[in-house]
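**Q** Per UniProt numbering, the very first residue in the sequence shown carries number 1; after that it's consecutive.
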Amino acid sequence: MSSVTVENLTRIAGDRAILNNVNLKIDSGDIMAVIGPSGAGKTTLLRLINMLDIPDRGKVYIDGKDVWSGHIMETRMSMSMVFQKPIVFSMNVYDNIAYGLKLRHESKSKIEKRIKDVMELLDLSGKERQYAKDLSGGEAQRVAFARAYVLKPRILLLDEPTASLDPLNVAIIEKAVNDVNEKFGTTVIIVTHNLHQAKRLANKATFLYEGNLVETGSIEDIFNNPRDKRTKAFVTGDMVF
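#1: What three-state label does DSSP hand M1 in the structure shown?
#2: Could you spell out where the alpha helix (DSSP H) holding F145 opens and where it closes?
#3: With a CB to CB cut of under 7 Å and the five nearest residues on each side skipped, what residues in its chain are close to I172?
#4: What does a CB cutoff of less than 7 Å around F145 pick up in its chain, not counting 5 residues either side in sequence?
#5: Just grab the DSSP bridge partners of M32 for me.
#6: State buried or exposed for S90, treating a residue as buried only when at least 16 other CB atoms are found within 10 Å of its CB.
#7: Return the CA-CA distance between Y131 and E7, expressed in angstroms with no decimal places.
#8: Hey, I34 and L45 are a contact pair by Cβ (cut 8 Å); roughly how many whole angstroms apart?
#9: By Cβ distance below 7 Å, which residues in the same chain neighbour T231 in space, the five residues on each side in sequence not counted?
#10: May I have the straight-line CA-CA distance separating A140 from K133, to the nearest angstrom?
#11: If distances are taken between C-alpha atoms only, which option among K108, G39 and K25 comes closest to I49?
#12: Could you compute how far the alpha carbon of T5 sits from the alpha carbon of E210?
#13: Do you know whose CA, among V67, G39 and K85, lies nearest S136's CA?
#14: Under 8 Å Cβ to Cβ from V228, same chain only, skipping five residues before and after it: list those, please.
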């Protein structure tokens, strides 16, 4: 498990600050829900933490270490990310899930054991040799999640991973989110528009609005006793966009 800290994080596009001087601390083992309207900067925050984008100002720290000042590849390999749109490679399900493990030169026996376990967890057993591009959207997203899970990441970044899925697939993936957190102590940061999902999964939440971090707190405080009127308007459905 790992802590994540961002300090004065800013990302600018043209004349607009997508993220504006954001400060956030996520403790090891937390499940942090990042909520807010579209365009608030939620996905950008994940991309900056994962070093897919470079901040215009500010720092990202993993366990107190600046992510850009050390071994960048090693830091990236400690994280996994699942995007809203399922991303699978042009190979069968087994090889998709095994891809990251093979890059890490894990033994064949370890790969087989981990894949067997994760396929059972994500209800994919029996689909090992099926071509991943032929799967349904829900199945493909479960494969993408399995590929992230099987690495036992210290940090798992989830960008609306169930936004377009049916309730059954949502339940399977949510169960796996809880499992990776409880079994490996993985710190999870999940962007979601589903406020019920945030309450089901997370122990903390942070609310972004127009690139600004409005407030962060426990799930109970954010939803039941928010400090800022904008947070209250958002979580109660009264905010007009």
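Quick reminder that beta carbons are idealized off the backbone N, C-alpha and C, glycines included.
**A** In short, the structure shows the following:
#1: Coil.
#2: For F145, the enclosing alpha helix (DSSP H) starts and ends at G137 to Y149.
#3: Excluding sequence neighbours, I172 sits near L122, D123 and R142.
#4: Excluding positions up to five away in sequence, the list reads V82, L122, P161, I173 and A176.
#5: I189 and K204.
#6: By the Cβ neighbour-count rule, S90 is exposed, with fewer than 16 other Cβ atoms within 10 Å of its own.
#7: Going by the C-alpha atoms only, they are around 43 Å apart.
#8: The residue asked about is misnamed: residue 34 is Val in this sequence, not Ile. Between V34 and L45 a beta carbon distance of about 6 Å is seen, short of the 8 Å cut, so the two are scored as contacting.
#9: Excluding sequence neighbours, T231 sits near F207, V214, E215 and I222.
#10: Those two C-alpha atoms are separated by around 8 Å.
#11: Nearest neighbour of I49 by Cα position, chosen from K108, G39 and K25, turns out to be K25.
#12: In a straight line, the C-alpha of T5 is about 20 Å away from that of E210.
#13: K85 is the residue among V67, G39 and K85 whose C-alpha sits nearest the C-alpha of S136.
#14: According to the sequence as given, residue 228 is Asp; it is not Val. By the criterion of a C-beta distance shorter than 8 Å, D228 is surrounded in its chain by F207, V214 and E215, once the five residues flanking it on both sides are discounted.
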